[in-house]
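J.:
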Amino acid sequence: MDGFIKVAAAVLTLTMLSACAVIPFQKEAEVKEQEDDEVYEVKMRDDYTDLAKKMFYDLTFMCKQLEGRQYGLYDCISKKEFYALQQAAADKLNDLSEVDYYFELRRIIASIGVAHTTLNLNYTGTFPFQMLPYSLHYYHDGWILNGIDGEYADYLGAEIVALNGVEMADVKAKAKELISYENESWLNEQMPSLLVNADALVNMGILEDNKALTLTVKKDDEISEITLHSETGPLLVGRLETVQLPKTATYRQPKFYTGFMLADQTYYVQYNSCEEISNYSMSQFASDVEKTMNEQHCKKLILDLRYNTGGNSLVIEPLLMMINRYCQDNDLKLITLIAEQTYSSGIMNAVQLKYNYDSVLIGTPTGGNVNGYGETDQFYLNYFPYFVIYCQEYFEMVPGYELDSLYPDIDVEVNYKDLMQGIDRCVEIALQE
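So the sequence shown is residues -21 to -1, 1 to 412, counted in mature numbering (1 follows the signal peptide of the UniProt record, and there is no 0).
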């Protein structure tokens, strides 16, 4: 997966020198045999319009391509169910707009149950959706309004309890039909981009039309309603008034990786993307970290992967080799912070740290899974500006691991109220370990 690159070779290059030594852990899962050999066919209606005929062609083309390309297509949905979804969409093509059609295809893709397998836009003209001027994020204390037009700025930080009268638990139940995910963490991470799309809310049955949305919010124990009007084109988030969280030492940095002494004999590394900085290689970074750790006689290293959604899983290797060297002559407590944005290559590295370096995991369950689908490729539809990213392999990093996420050793409730007070619970607990 840009993320799930085979790591055995990289792991084997690390010398087994101490208690921090590495052992290989990845193998590919065997292909599951198909249980259903029945031949299904999606039937075309006789009265299709010209537009509906194009829709039908791309619908069936997409699904046939997935049958031949997507690894484990029927691991989470039966062949019969997959074809039933196609037929349900085909039966109503005459009544669908192009926007409606997009969400029908997206619903079919989401039914596969693979987070990396997605339907994507490839438009070059006018942006096709009506967008709503607000943003939100999920914390343990609820869905928080973290961006909105200036006239409603007083409501920033309020809990969103309903969209157009539909409670958030029911909104989530509807949204999950349109989102490719493998666990609740990734579902929560992906929902915000869907819930600001007025056309998506129409498709989900939350709005009757795509013109306006009523937010029900709760702030200081008072319930209020806000009416937002949609706009044509992509939402310019930069123009919204947004929540400004206190910038603590461990606040999310824009760099791919950075590090500093966080406390006495404790070094902190924030690793946000599995990519190298062009003028500051990971090898040089690891060397600088090692120099400081030796000078300061560090006994604890905190690796923060909470914002790492992937890239090239091998980029971290110089840092891992540095840890091996350091462990030869020093006792080191290794702690890894994880969260819902820890995904793809990010979760690969978290798994390495836990299983090969005995790192303590602190935080919340990851958006990515330990064993999962990857090695992505893509294909394009013929008549509509969409392309499909699909997975060609299944990677079993930890044989026998059956949970849906990488779960922390120490689970931390990340609350909006704490963050607004400048409290980073994960880091606080890491410092106490």
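Note that beta-carbon positions come from the ideal geometry of N, C-alpha and C, so glycine has one too. Computed from a predicted structure; not experimentally measured.
List the DSSP bridge partners of K197.
T.: DSSP lists E138, I202 as partners of K197.
J.: Please name the residue in E392, S262, Q331, D310 whose C-alpha comes closest to that of P297.
T.: For the residues E392, S262, Q331, D310, the minimum Cα distance to P297 belongs to S262.
J.: Need the endpoints of the beta strand (DSSP E) that G47 sits in, please.
T.: From DSSP, G47 is part of no beta strand (DSSP E) but of the alpha helix (DSSP H) over 29 to 48.
J.: How many whole angstroms separate the CB atoms of I295 and Y250, which I take to be in contact at a CB cut-off of 8 Å?
T.: I295 to Y250, Cβ: 7 Å. Contact.
J.: Could you check what DSSP says for E210 in three-state terms: helix, strand or coil?
T.: Strand.
J.: If contact is defined by three or more beta carbon pairs under 8 Å, each pair taking one atom from either stretch, is the region 271 to 287 in contact with the region 323 to 337?
T.: Yes: at least three Cβ pairs fall under 8 Å.
J.: The alpha helix (DSSP H) that contains S172, what's its start and end?
T.: Per DSSP, S172 belongs to the alpha helix (DSSP H) from 163 to 174.
J.: In terms of residues, what are the limits of the beta strand (DSSP E) holding V248?
T.: That run of the beta strand (DSSP E) goes 245 to 250.
J.: Name the two residues that bound the continuous alpha helix (DSSP H) containing N335.
T.: Where N335 is concerned, the enclosing alpha helix (DSSP H) stretches over 324 to 336.
J.: Mind checking which residues open and close the beta strand (DSSP E) that includes A242?
T.: Element bounds for A242: 236 to 242.
J.: State yes or no: is the beta carbon of Y286 nearer than 8 Å to at least one beta carbon in chain B?
T.: Any reference to chain B falls outside this structure, which holds one protein chain only.
J.: Using the C-alpha atoms, what's the distance from L241 back to D403?
T.: So the alpha carbons of these two residues sit roughly 13 Å apart.
J.: Would you identify the three-state DSSP class for T104, choosing helix, strand or coil?
T.: Correcting the residue type first, residue 104 is Gly in the shown sequence and not Thr. Of the three classes helix, strand and coil, the one that applies to G104 here is coil, per DSSP.
J.: How should N361 be labelled, buried or exposed, when 16 other C-beta atoms within 10 angstroms of its C-beta is the threshold for buried?
T.: With fewer than 16 Cβ atoms within 10 Å of its Cβ, N361 is classed as exposed.
J.: In the structure shown, what three-state DSSP assignment does D356 receive?
T.: Looking at D356 - three-state DSSP - the assignment turns out to be strand.
J.: E83 to S90, Cα distance in whole Å?
T.: E83 and S90: Cα-Cα distance of roughly 11 Å.
J.: How would you call V150, buried or exposed, if buried means at least 16 neighbouring beta carbons within 10 angstroms?
T.: Under this definition V150 is a buried residue.
J.: Am I right that T195 and A152 are in contact with their C-beta atoms under 8 Å? What's the rounded C-beta distance?
T.: Not a contact, Cβ separation roughly 17 Å.
J.: Taking only three categories from DSSP, how would you classify S253?
T.: In the sequence on display, residue 253 carries Cys and not Ser. Correct three-state label for C253: strand.
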